[in-house]
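Protein chains in written order, with my numbering: chain H, 25 to 313; chain D, 199 to 750. For glycine and all other residues, C-beta sits at the position ideal for the given N, C-alpha and C. Predicted model, so just to flag it, every value in this text is computed and none were measured. To start, the structure under review is shown below, and the notes come after it.
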C-alpha cells in the first residue's frame, strides 16, 4: 500500500532527553506539520463562539463597547483616573491597553482547562495535544485583529489624524502573544494534574494582574514606592509601548523599547520551556484524566 | 484407553497448549497451538492447520515485555503527599499492574484478535499501541501509521454539522482539506445518514455518529488499524458493511488489531488471537483454540460465582430443610459443611464426616473422578465417572452425524435417598446450551404415555421397539449403592466442539420444581463432531433431517 519506508514509532518507558525537548526546531517542525489541523481548530473555535446566537458577529463589537462605557465612567470619571484626558480619548487609551491585556489573559484563563477539559482528545484519539494552546492563541489573535480595526476607526473618529508611528503597534502584539502561548501551554500541562489551578488563575491572579498593569490608570499617578511593582510586570512596558505609538502617535520611550525587546526574548524562551514541560507532562496525561 | 481419560486428555492438551503458547514468549512465531484430539475415529486428521500462512517480513507491531502500572491512592491527599514528599522514599500509593510482561509480534496484513474479560488489560494494551498511554516498562515498536477506533465519534464537536465534523476529524487523522474534499462523497455514501449530514452532530444518534466517524476513519488507509469494541454499536447492516470494509483494508495490506467480546466476530475476522487474563498474556494461537481457552476462563469464573451464591443462599437457610430421604443422616450433618465442597477432595471429606456422624454408610471408596474444580452440590450423591462411548462400546470423542453416541454416567449415593434424577447437558464451544435431558425427563414422558425415544419414522432405528424404560424417580437407594445410567442418542449435531456436563439431583416432586443439586460436574467430557463432506453433510449446528420433495 505504501511504497515509502515506514516510520517506526517507539512507545517506551524511557523518557525523552531534555535537550531534545528544548530544541526550538522541534517546535517549528511540530507546528508546521500540523498547520492544517491548527487552522481547522482555530477557525472552528472562532465560529463556535457566536454560533446560534441571535446577534451573531455583532457581539464582537457589543461586548467591548459596553465594557468600555462602564470603565470610562467608573474609572475615568468617578475615580478620576483619566486625569486631563477627554472621556473619549480616555476610552480609546483604555481600549488600546485592554486589547493587549486580553491577548495575554484570555489564553491564560483558558490554559488550566485546555487539556483537562478534553478527556476524549487525551484518551480516545491519537491527537497532537500541543496544538491546542496554539489554536487558543489563534482565536485570541483573531479577536485582537478585530480590536485593532476598531482601534484605528476609533482613533480616526476621536483624534482625527495619524502620524505613522501607529504602524509600530503590531510590534507590541508579538511579545504578548508569545507570553500568552507560553503561559497557556504551561498552565495546560499543570492543570491536568492540579485541578485547583483554574480557581487560582481565573480568580486572584487575574484580578491582581488587571490592577497591577497600568490599564485604567496612567503610570504617573502611581506612588513612587509602588512603581517597581508595576514595572516588573512584563505587560507594563508592552502596554505602554502600544499606547504611545497607537494612541499618542509618537515614537515610544526608550525604556519601553528596551522592555519590549526583553519581553519578546523572554516570551520566546518561555514558549520553548513551556513546551518542554508540556511534552514531558503529556506522557502522564492519560493516567490522571 | 477409556474415553473418559481420552476426553480429559483432550481438555488437558488444550490447557497445556495454551500454557505452552504463553511459555513460548517472546517467540510468537511458534505460538500456533495444535491440540491433538485423542480418540480419533475414521482416520480423519485431528485439527485444521491452526494459523494461516503468516506474511514474511519484519513485524509491523512489536510488543516487548510491556507493562503498565497505575498508582492507586486511597485518599486524594495521598497523591499530593506523594508528589511533595517523594524524596523521603515513602510510597503513598498501591501499585496496580493493569498489564505486565506482555510480548508478541504482529506481522503485516495479519488480523489479530485480543480477547479477555473486562479489566484484563485489553484496552490498556490497545491504548499503548495507539500511543495515548505511555508504558511503565517495556516497549512497543510500530511501523507506519496507526489509526485507532478507540471510541468512534469522540472527536466530534457536537455543535458543528456532520459535514464540518468530517473535515475536522479528517484533519485530526492527518488528511488535508483537499484529500477530504476528494473523499467526501465516498464518506457520505458510506455513513449514509442522509440530510442529517448538515445538522449539528449533537442531534445524531449514537449509531449515526459511529457511522460517520468510521466512514472518515477508514479513508486514512493506515498501516495498523486498532478497533476496540467500536463496531458493536451500529445495526446489523452497518456492521456487515464495516466488516466488508475491514476485509478490503486487510486485503490492501492494513494490519488489524481487534478487540471484541463478540466471539463470532473474532472467529470470522481474525487469523490469530491473543488472550489476556488479569494483565498477563495467557494464550496466543489460532482463534478457535484461544477462544476455547477464553471460554474456559469465563466458565470458571461464572462457576465460582454460582458456587459462592449457592453457599450464601444455603448458609442463610441454615441446615437443609427439605431432606425427606435420609432424615437421620441429613440432620446429623451441618448444612454448611455439606455445601462448602467446591472440589472433589473436600467432597470426600464431607462425605466422610457425614458417614461418621450418621453412622449409616460405610467408609466411602476413593473417588474415581479426579479433582475437578468445576463441580458443586450437596454431595448426597457423587458422580463417579462420565464416559463417552462410540457405537462399538469403546471410548470415543470424535463423532460424525448419524453416529451413535453414548454417555455412561456412574453415580454413587452417599446416603439413603429416593427421587433422584441423573441428567446431562450439552454445550457448544461458545457456551450455548444445546440440549439437556435427564432421567426425570424420561420418567415424565413415560408417565405421560409418550415415547420420545421411539422414533416413528424408524430413522433412529437404534431406539425403535424398545420397551418402556423403568422409571428411576420411584426407586430408592441406600448409602454406598452405585448406579450407572447410559444416555444414548444419534448424533445430529453440526460440526464443532462440545462439552458434556453431568449432574445428579434430588427431585422431591416429579417436575423439576424443587430441584436440589446433589452433584454438578462441568466439563465432565468433551467431544468433537466432524462432518465428512464426501458422505453426508449439512450446514448449521443441528441436523434437522430435512427432506426435499421435488415437484415438477
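From residue i to residue j, what distance separates their C-alpha atoms?
| i | j | result |
| --- | --- | --- |
| residue 331(D) | residue 253(H) | 44 Å |
| residue 400(D) | residue 356(D) | 4 Å |
| residue 490(D) | residue 690(D) | 22 Å |
| residue 72(H) | residue 397(D) | 14 Å |
| residue 423(D) | residue 747(D) | 49 Å |
| residue 403(D) | residue 394(D) | 10 Å |
| residue 549(D) | residue 579(D) | For residue 549(D), the predicted structure reports a pLDDT of 40, less than 50, and the residue's modelled location is therefore unreliable. A value from the coordinates is still provided. The straight-line gap from Cα to Cα measures roughly 9 Å. |
| residue 678(D) | residue 695(D) | 35 Å |
| residue 521(D) | residue 313(H) | At residue 521(D) the pLDDT is 37, less than 50, meaning the model places this residue with poor confidence; the figure from the coordinates comes in the next sentence. Taking the straight line joining both Cα atoms gives about 57 Å. |
| residue 703(D) | residue 477(D) | 38 Å |
| residue 712(D) | residue 632(D) | 23 Å |
| residue 76(H) | residue 82(H) | 13 Å |
| residue 297(D) | residue 265(D) | 5 Å |
| residue 182(H) | residue 109(H) | 12 Å |
| residue 238(H) | residue 229(H) | 16 Å |
| residue 368(D) | residue 204(H) | 29 Å |
| residue 304(H) | residue 140(H) | 16 Å |
| residue 40(H) | residue 307(H) | 10 Å |
| residue 296(H) | residue 150(H) | 23 Å |
| residue 44(H) | residue 70(H) | 33 Å |
| residue 188(H) | residue 199(H) | 21 Å |
| residue 97(H) | residue 103(H) | 8 Å |
| residue 389(D) | residue 716(D) | 56 Å |
| residue 436(D) | residue 33(H) | 32 Å |
| residue 751(D) | residue 701(D) | Summary: the structure shown does not reach residue 751(D), with chain D confined to residues 199 through 750, and so no result is reported for it. |
| residue 154(H) | residue 214(H) | 14 Å |
| residue 207(H) | residue 67(H) | 22 Å |
| residue 645(D) | residue 618(D) | 16 Å |
| residue 282(D) | residue 63(H) | 39 Å |
| residue 754(D) | residue 714(D) | Within the shown structure, residues of chain D are numbered from 199 to 750, placing residue 754(D) beyond reach of any answer. |
| residue 751(D) | residue 452(D) | Here chain D covers residues 199 to 750 and nothing more, so residue 751(D) does not appear. |
Cα-Cα, which of the options is closest to residue i?
| i | options | result |
| --- | --- | --- |
| residue 455(D) | 390(D), 295(D), 486(D), 328(D) | 328(D) |
| residue 408(D) | 385(D), 420(D), 637(D), 684(D) | 385(D) |
| residue 720(D) | 289(D), 424(D), 629(D), 423(D) | 629(D) |
| residue 475(D) | 468(D), 488(D), 749(D) | 488(D) |
| residue 708(D) | 732(D), 643(D), 723(D), 725(D) | 643(D) |
| residue 458(D) | 480(D), 442(D), 452(D), 485(D) | 485(D) |
| residue 124(H) | 263(H), 185(H), 178(H) | 263(H) |
| residue 266(H) | 175(H), 154(H), 31(H), 301(H) | 175(H) |
| residue 467(D) | 370(D), 481(D), 338(D), 443(D) | 443(D) |
| residue 178(H) | 220(H), 284(H), 120(H), 46(H) | 120(H) |
| residue 731(D) | 599(D), 624(D), 595(D), 706(D) | 599(D) |
| residue 92(H) | 132(H), 78(H), 65(H), 122(H) | 122(H) |
If the cut is a Cβ gap below 7 Å, which residues of chain H does residue i touch?
| i | result |
| --- | --- |
| residue 357(D) | 72, 75 |
| residue 369(D) | 60, 61, 64 |
Against residue i, what residues of chain H qualify as contacts under a CB-to-CB distance less than 8 Å, listed in chain order?
| i | result |
| --- | --- |
| residue 592(D) | Within chain H, no residue comes near residue 592(D); the closest Cβ sits about 54 Å away, beyond 8 Å. |
| residue 344(D) | 33, 150 |
Note down, in chain order, every chain D residue with its Cβ under 7 Å from the Cβ of residue i.
| i | result |
| --- | --- |
| residue 35(H) | 326, 329, 332, 333, 337, 338 |
Starting from the beta carbon of residue i, find every residue of chain H whose beta carbon is closer than 9 Å, and list them in chain order.
| i | result |
| --- | --- |
| residue 374(D) | 60 |
| residue 298(D) | By Cβ distance, chain H contributes nothing, its closest Cβ being about 12 Å from residue 298(D), past 9 Å. |
| residue 178(D) | Chain D is shown from 199 up to 750; residue 178(D) falls before or after that span and cannot be answered. |
| residue 268(D) | 311 |
Mind listing the chain D neighbours of residue i? Cutoff is C-beta to C-beta under 8 Å, in chain order.
| i | result |
| --- | --- |
| residue 305(H) | In chain order: nothing, as chain D lies at least about 11 Å away. |
| residue 68(H) | 355, 358, 362, 366 |
Review point. Are there three or more Cβ pairs, one per stretch, closer than 8 Å when the segment 243 to 258 of chain H is compared with the segment 159 to 173 of chain H?
Key: no
Review point. So does the segment 110 to 122 of chain H actually touch the segment 306 to 314 of chain D, counting three or more Cβ pairs closer than 8 Å?
Key: no
Exercise for review: Only counting runs of 4 or more residues, tell me where the alpha helix (DSSP H) segments fall wholly within the segment 260 to 294 of chain D, in order along the chain.
Suggested key: Counting whole runs of 4 or more residues, the segment 260 to 294 of chain D contains the alpha helix (DSSP H) stretches 274 to 282.
**Study point:** Entirely enclosed alpha helix (DSSP H) segments - the segment 130 to 158 of chain H, minimum 4 residues
**Key:** 143 to 147
Review point. When the Cβ atoms of the segment 80 to 94 of chain H are set against those of the segment 40 to 56 of chain H, are three or more pairs found closer than 8 Å?
Key: no
Practice item. Report yes or no: do the segment 298 to 305 of chain D and the segment 256 to 276 of chain D share at least 3 C-beta pairs separated by less than 8 Å? Key: yes
Exercise for review: Please determine if the segment 609 to 622 of chain D and the segment 574 to 593 of chain D are in contact, where contact requires at least 3 C-beta pairs separated by less than 8 Å.
Suggested key: yes
**Study point:** Uninterrupted alpha helix (DSSP H) stretches inside the segment 155 to 233 of chain H (no shorter than 4 residues)
**Key:** 155 to 182, 193 to 217, 221 to 224
Practice item. Go through the segment 603 to 653 of chain D residue by residue and report every complete run of the alpha helix (DSSP H) that reaches 4 residues or more, in order. Key: 637 to 645
Check your understanding: Which full runs of the alpha helix (DSSP H) of 4+ residues lie inside the segment 42 to 114 of chain H, going along the chain?
Key -> As far as the segment 42 to 114 of chain H is concerned, its whole alpha helix (DSSP H) runs of at least 4 residues are 42 to 45, 48 to 57, 59 to 74, 83 to 95.
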